[in-house]
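Inspection log for the structure reproduced underneath, given as structure tokens.
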Amino acid sequence: MLTTEQTAAANGKTVSKAPSFFRVMRREIWHDKLAFVSLCLLAFIVLYVYIGALGLSSDQVVHVTLGDRYLAPGAEHILGTDEGGRDIYNYLIVGARNSITIAVGITALCIVFGTFIGLMAGYYGGAFDSVVMRVIDFFSMLPTLMLIITVVSIIPRYNVWTFILVMSVLGWMFDARLTRAKTLQQSSLDYVSAAKTLGTPNLKIMFGQVLPNIASIIIVNFTLTLASMMGVEVGLTFLGFGLPANVPSLGTLLAYARVPENLRLRWWLWLPAALFILVMMLCINFVGQAIKRAADAKQRKI
Amino acid sequence: MWKTVIRRLLILIPQLVVLSLFIFFIAQYMPGDALTGKSVDPNADPQRLEELRQQWGFYDPWYVKYVRWVGNIFKGDLGRSYTHQVPVTQVISDRAGNTFWLGLMTVFFQYLISIPLGILSGRYHDKIPDRAITLYSYVALAMPTVVACLLSIFTFSFGLKWFPFGGTISIEAYAAGGIQAFLSRIHHMILPALTVALISTTSITQFLRSEIVDYEQSDFVTTARSKGVPKRVIYSRHIFRNSMIPVSSFMGYSIVGVLTGAIFTESVFGYPGMGKLFIDSVFSRDYTVVNALIIFFAILTVLGTLLSDVIMSLVDPRLKVK
Numbered sequence: 014m015l016t017t018e019q020t021a022a023a024n025g026k027t028v029s030k031a032p033s034f035f036r037v038m039r040r041e042i043w044h045d046k047l048a049f050v051s052l053c054l055l056a057f058i059v060l061y062v063y064i065g066a067l068g069l070s071s072d073q074v075v076h077v078t079l080g081d082r083y084l085a086p087g088a089e090h091i092l093g094t095d096e097g098g099r100d101i102y103n104y105l106i107v108g109a110r111n112s113i114t115i116a117v118g119i120t121a122l123c124i125v126f127g128t129f130i131g132l133m134a135g136y137y138g139g140a141f142d143s144v145v146m147r148v149i150d151f152f153s154m155l156p157t158l159m160l161i162i163t164v165v166s167i168i169p170r171y172n173v174w175t176f177i178l179v180m181s182v183l184g185w186m187f188d189a190r191l192t193r194a195k196t197l198q199q200s201s202l203d204y205v206s207a208a209k210t211l212g213t214p215n216l217k218i219m220f221g222q223v224l225p226n227i228a229s230i231i232i233v234n235f236t237l238t239l240a241s242m243m244g245v246e247v248g249l250t251f252l253g254f255g256l257p258a259n260v261p262s263l264g265t266l267l268a269y270a271r272v273p274e275n276l277r278l279r280w281w282l283w284l285p286a287a288l289f290i291l292v293m294m295l296c297i298n299f300v301g302q303a304i305k306r307a308a309d310a311k312q313r314k315i
Numbered sequence: 150m151w152k153t154v155i156r157r158l159l160i161l162i163p164q165l166v167v168l169s170l171f172i173f174f175i176a177q178y179m180p181g182d183a184l185t186g187k188s189v190d191p192n193a194d195p196q197r198l199e200e201l202r203q204q205w206g207f208y209d210p211w212y213v214k215y216v217r218w219v220g221n222i223f224k225g226d227l228g229r230s231y232t233h234q235v236p237v238t239q240v241i242s243d244r245a246g247n248t249f250w251l252g253l254m255t256v257f258f259q260y261l262i263s264i265p266l267g268i269l270s271g272r273y274h275d276k277i278p279d280r281a282i283t284l285y286s287y288v289a290l291a292m293p294t295v296v297a298c299l300l301s302i303f304t305f306s307f308g309l310k311w312f313p314f315g316g317t318i319s320i321e322a323y324a325a326g327g328i329q330a331f332l333s334r335i336h337h338m339i340l341p342a343l344t345v346a347l348i349s350t351t352s353i354t355q356f357l358r359s360e361i362v363d364y365e366q367s368d369f370v371t372t373a374r375s376k377g378v379p380k381r382v383i384y385s386r387h388i389f390r391n392s393m394i395p396v397s398s399f400m401g402y403s404i405v406g407v408l409t410g411a412i413f414t415e416s417v418f419g420y421p422g423m424g425k426l427f428i429d430s431v432f433s434r435d436y437t438v439v440n441a442l443i444i445f446f447a448i449l450t451v452l453g454t455l456l457s458d459v460i461m462s463l464v465d466p467r468l469k470v471k
């Protein structure tokens with residue numbers, strides 16, 4: 014069978030090939046200066062934080078030097094020190110690295126699990142779909158934040174992995190719902206019926222054909238979920254229910270501001286972390302919007 | 150439509166049963182019980198405590214305990230708070246008012262800010278006002294609640310000293326009572342309400358904008374235009390009036406969002422509402438309060454979503470509640 018291009022070539026006409034999603038994405042980001050700058054800034058921040066954190070050991074960061082208590086920013090400590098004489102700049106670098114890594118981890122788990130469930134539900138439909146949808150309905154009714162806080166407070170031997178697990182278990186529903194809706198749409202299209210008629214195994218259709226067609230939506234969803242997970246992690250850590258105390262995050266730095274004295278007088282303890290989070294989230298959102306436009310032609314400007 | 154509302158409420162029942170089981174089992178793993186709280190006399194005879202535990206059914210099998218717990222809830226008895234030593238219903242109702250008024254003010258500000266922004270953004274779409282508003286929307290969307298609250302306290306409470314920090318009322322105003330007390334309460338609520346409202350306008354603003362842009366291309370607007378209706382009138386009479394209606398259905402979602410955010414907002418602002426009560430109770434391991442609040446918020450979440458769906462189907466009969 015001839016493809017559209019071959020037919021057109023045979024008729025002596027030129028038909029341009031539909032650009033791939035990644036090409037559209039590159040074009041969208043390149044043309045949207047804000048998204049381009051954000052992407053560069055984001056890449057710079059991530060590299061800077063990860064390389065910077067390489068030279069710092071956790072012990073070095075949490076080492077207490079009582080003589081250097083609450084130093085204002087100066088030559089020796091660029092961002093000053095906290096009550097234990099710990100350098101805030103080092104704290105910020107390690108905290109940012111942990112926050113980013115953990116947010117990516119949670120998001121990846123949510124997306125992988127949500128996509129898998131959503132694909133199965135949307136593709137097979139029927140009883141399985143109904144059960145999955147009831148489960149999702151049940152989960153979306155839950156006051157998720159409150160449950161995370163409660164579960165975190167009662168888990169014995171609580172560590173980073175349990176936190177990631179708790180967050181993922183209570184966070185995958187939205188991704189599953191989205192994937193299911195898109196899969197349902199795709200499943201009614203001719204190419205799926207054709208593949209079924211040809212006897213292609215179900216798993217192969219799901220992951221080899223439907224998944225690539227909804228990949229752009231999943232990528233968009235990844236950026237948006239990433240931003241929201243970072244926000245939630247920082248908020249929870251701020252309240253004291255996020256990462257355990259020995260794993261500093263950006264929320265740990267923000268938590269200094271829970272003491273009114275620190276909030277009012279010692280801005281260097283929490284303000285850098287606050288601004289850092291803001292910049293990160295803005296960059297992720299700007300890039301996310303550009304990718305969203307690339308995935309959905311309706312939102313593109315001509 | 151009432152049939153569907155009733156059906157939705159009926160679906161709520163099995164959901165609540167599952168949730169209550171879920172919470173009940175979490176509660177089984179929670180350390181401590183009503184007799185290990187700090188309020189119990191440390192010199193109490195351990196044997197006597199043991200007797201009391203047996204008498205109160207501490208060693209009953211889980212299903213007996215569950216049925217008893219649920220039965221008590223239906224009798225309006227949510228148990229006693231370990232730390233406050235008063236019934237949970239009283240602890241919660243003391244704080245619920247604060248959260249309610251703060252939430253009301255937040256939703257009010259939310260609409261007050263986002264509707265004019267949405268109209269401006271749609272009216273002048275792709276022009277400078279729209280670009281500015283869209284940029285603001287992105288910043289608002291990117292701002293985590295905690296960061297926004299900290300920045301606004303730092304700037305407006307401590308820096309500019311425009312608003313007080315913490316509590317619901319100043320001591321002098323409380324003593325004075327009357328109108329002064331009322332004003333002091335309002336004064337304490339403005340900053341948290343405004344902060345949350347400012348960072349949660351995005352969905353309403355962007356929705357309104359796209360509605361207006363869509364209506365501009367609709368047939369009845371073209372007709373009005375060809376009849377020579379002035380542009381100003383087209384916008385105010387034809388477009389805005391139509392696009393404003395669906396915005397009202399955001400109300401339910403707004404309420405849910407504000408209540409969920411209360412956990413963060415109230416903790417940062419030191420505002421004694423249900424959100425702060427929840428965090429404090431988790432810290433003091435006062436699990437009867439924690440469980441009651443979780444169920445309370447779950448019901449509110451469902452009712453809020455239902456409210457939005459009902460409004461939606463009332464203002465736009467094309468969308469049927471399913």
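Heads up: the sequence lines are chains L and A, in that order. Going by our numbering, the first sequence opens with residue 14, and the numbers climb by one from there. Going by our numbering, the second sequence opens with residue 150, and the numbers climb by one from there. Even for Gly, the Cβ is constructed at its ideal location relative to N, Cα and C. As the structure is a prediction and not an experimental result, all values here were calculated from the model.
Near Val247 (chain L), which residues of its chain fall below 8 Å by C-beta distance, leaving aside the five closest residues on each side in sequence? Contacts found: Ser112, Gly255, Ser262, Leu263, Gly264, Leu267, Ile290.
Using the three-state DSSP reduction, which class does Thr213 (chain L) fall into: helix, strand or coil? Correct three-state label for Thr213 (chain L): coil.
Counting Cβ pairs, one atom from each stretch, are 3 or more of them under 8 Å apart for the stretch 387-395 of chain A and the stretch 287-306 of chain A? Contact between the stretch 387-395 of chain A and the stretch 287-306 of chain A is absent: fewer than three C-beta pairs spanning the two stretches fall below 8 Å.
Checking the sheet assignment: what are the DSSP bridge partners for Thr344 (chain A)? Within the DSSP bridge table, the entry for Thr344 (chain A) names no partner.
Hey, how far is the Cα of Phe258 (chain A) from the Cα of Tyr102 (chain L)? Rounded to whole angstroms, Phe258 (chain A) to Tyr102 (chain L) spans 37 Å at the Cα level.
At 9 Å on the CB atoms, spell out the chain L contacts of Thr409 (chain A), in chain order. By Cβ distance, chain L contributes Pro156, Thr157, Leu158, Met159.
Nearest chain A C-beta to Ser33 (chain L) closer than 7 Å, yes or no? With a threshold of 7 Å between beta carbons, Ser33 (chain L) makes no contact with chain A.
Is the beta carbon of Phe307 (chain A) closer than 7 Å to that of Ile353 (chain A)? Against a cut-off of 7 Å, the Cβ pair of Phe307 (chain A) and Ile353 (chain A) comes out as no contact.
Between A:Gly271, A:Ile443, A:Tyr212, which has its C-alpha nearest Phe356 (chain A)'s C-alpha? When C-alpha distances from Phe356 (chain A) are compared across A:Gly271, A:Ile443, A:Tyr212, the shortest belongs to A:Gly271.
Other residues of its chain near Thr236 (chain L): CB distance less than 7 Å, five sequence neighbours each side excluded: Closer than 7 Å at Cβ, skipping near neighbours: Ile297, Val300, Gly301, Ile304.
Run through the DSSP bridge pairs and tell me what Pro236 (chain A) is partnered with. In the DSSP secondary-structure assignment, Pro236 (chain A) is bridged to A:Arg229.
Beta carbon proximity, Ile290 (chain L) to chain A, threshold 7 Å: It does; some Cβ of chain A falls within 7 Å.
Which two residues bound the contiguous alpha helix (DSSP H) that contains Ser112 (chain L)? If you look at Ser112 (chain L), you'll find it in the alpha helix (DSSP H) that goes 101-137.
Is the distance from the Cβ of Ile58 (chain L) to the Cβ of Gly118 (chain L) below 7 Å? No, the Cβ-Cβ distance between Ile58 (chain L) and Gly118 (chain L) is not below 7 Å.
Residue range of the alpha helix (DSSP H) that Asp458 (chain A) falls in? In the DSSP annotation of this structure, the continuous segment of the alpha helix (DSSP H) that includes Asp458 (chain A) starts and ends at 436-464.
Which chain A residues sit within Cβ distance under 7 Å of Ala270 (chain L)? Correct list: Leu299.
For Ala56 (chain L) versus Ile106 (chain L), is the C-beta distance shorter than 7 Å? One thing to note: Ala56 (chain L) has its Cβ no nearer than 7 Å to the Cβ of Ile106 (chain L).
For Pro341 (chain A), decide whether its Cβ has a neighbour in chain L, counting only Cβ atoms nearer than 7 Å. Taking Cβ atoms only, chain L never reaches closer than 7 Å to Pro341 (chain A), which makes this a no.
Enumerate in chain order the residues of its own chain whose CB-to-CB distance from Gly453 (chain A) is below 6 Å, with the five nearest sequence positions on each side excluded. Within the same chain, Gly453 (chain A) has close Cβ partners Gly401, Ile404, Val405.
Please name the residue, chosen from A:Ser397, A:Ile448, A:Asp368, that lies closest to Ile383 (chain A) on a Cα-to-Cα basis. Of the candidates A:Ser397, A:Ile448, A:Asp368, the one whose C-alpha sits nearest the C-alpha of Ile383 (chain A) is A:Asp368.
Between Phe126 (chain L) and the rest of its own chain, which residues show a CB-CB distance below 6 Å, the 5 nearest in sequence each way excluded? Beyond the five residues adjoining it in sequence on each side, Phe126 (chain L) comes within less than 6 Å, by CB distance, of Trp185 in the same chain, given in chain order.
Report yes or no: do three or more beta-carbon pairs, one from the stretch 443-462 of chain A and one from the stretch 310-324 of chain A, lie closer than 8 Å? Output reads no: the stretch 310-324 of chain A does not touch the stretch 443-462 of chain A.
Let's test the definition: count the other Cβ atoms within 10 Å of the Cβ of Arg156 (chain A) and tell me whether it reaches 16, buried, or not, exposed. Under this definition Arg156 (chain A) is an exposed residue.
Kindly indicate which residue of L:Gly253, L:Pro156, L:Met294 has the alpha-carbon position closest to the one of Tyr171 (chain L). Nearest Cα to Tyr171 (chain L) within the set L:Gly253, L:Pro156, L:Met294: L:Gly253.
Using a Cβ cut-off of 7 Å (strictly closer), state whether Ala291 (chain A) contacts chain L. Yes, contact with chain L.
Determine whether the Cβ of Val247 (chain L) lies closer than 7 Å to any Cβ atom of chain A. Yes, Val247 (chain L) lies at the interface with chain A (some Cβ there is under 7 Å from its Cβ).
Candidates A:Ser349, A:Leu347, A:Phe314: which alpha carbon is nearest Met338 (chain A)'s? Just measuring C-alpha positions, the residue of A:Ser349, A:Leu347, A:Phe314 sitting nearest Met338 (chain A) is A:Phe314.
CB contact flag (Phe173 (chain A), Tyr215 (chain A), <7 Å): The answer is yes: Cβ separation under 7 Å.
For Leu295 (chain L), return the contacting residues in chain A, with the cut-off set at a CB-CB distance below 8 Å. Chain A residues near Leu295 (chain L): Tyr287, Val288, Ala291.
If you compare alpha carbons, which of A:Thr238, A:Val295, A:Gly422 is closest to Phe223 (chain A)? Taking only the C-alpha atoms, the option nearest Phe223 (chain A) is A:Thr238.
Answer with buried or exposed for Ile268 (chain A), where buried requires no fewer than 16 other C-beta atoms within 10 angstroms of its C-beta. Counting the other CB atoms within 10 Å of its CB gives Ile268 (chain A) a total of 16 or more, which places it among the buried residues.
Which one or two residues does DSSP pair with Thr94 (chain L) in a beta bridge? Bridge partners of Thr94 (chain L) according to DSSP: L:Asp100.
Touch check for the stretch 191-211 of chain L and the stretch 223-234 of chain L: three-plus C-beta pairs under 8 Å? By the Cβ rule, the stretch 191-211 of chain L counts as touching the stretch 223-234 of chain L, because three or more pairs are nearer than 8 Å.
With a threshold of 16 other CB atoms inside 10 Å of the CB of Glu200 (chain A), please say whether the residue is buried or exposed. The residue in question, Glu200 (chain A), is exposed, as its Cβ has fewer than 16 Cβ neighbours within 10 Å.
Give the residues of chain L in contact with Leu455 (chain A), contact being defined as C-beta atoms less than 8 Å apart. For Leu455 (chain A), no chain L residue has a Cβ inside 8 Å of its Cβ, as the nearest lies near 11 Å away.
Under the assumption that Thr437 (chain A) contacts Arg229 (chain A) (Cβ atoms under 8 Å), give the Cβ distance between them as a whole number of angstroms. Indeed they touch by this definition, with Cβ atoms about 6 Å apart.
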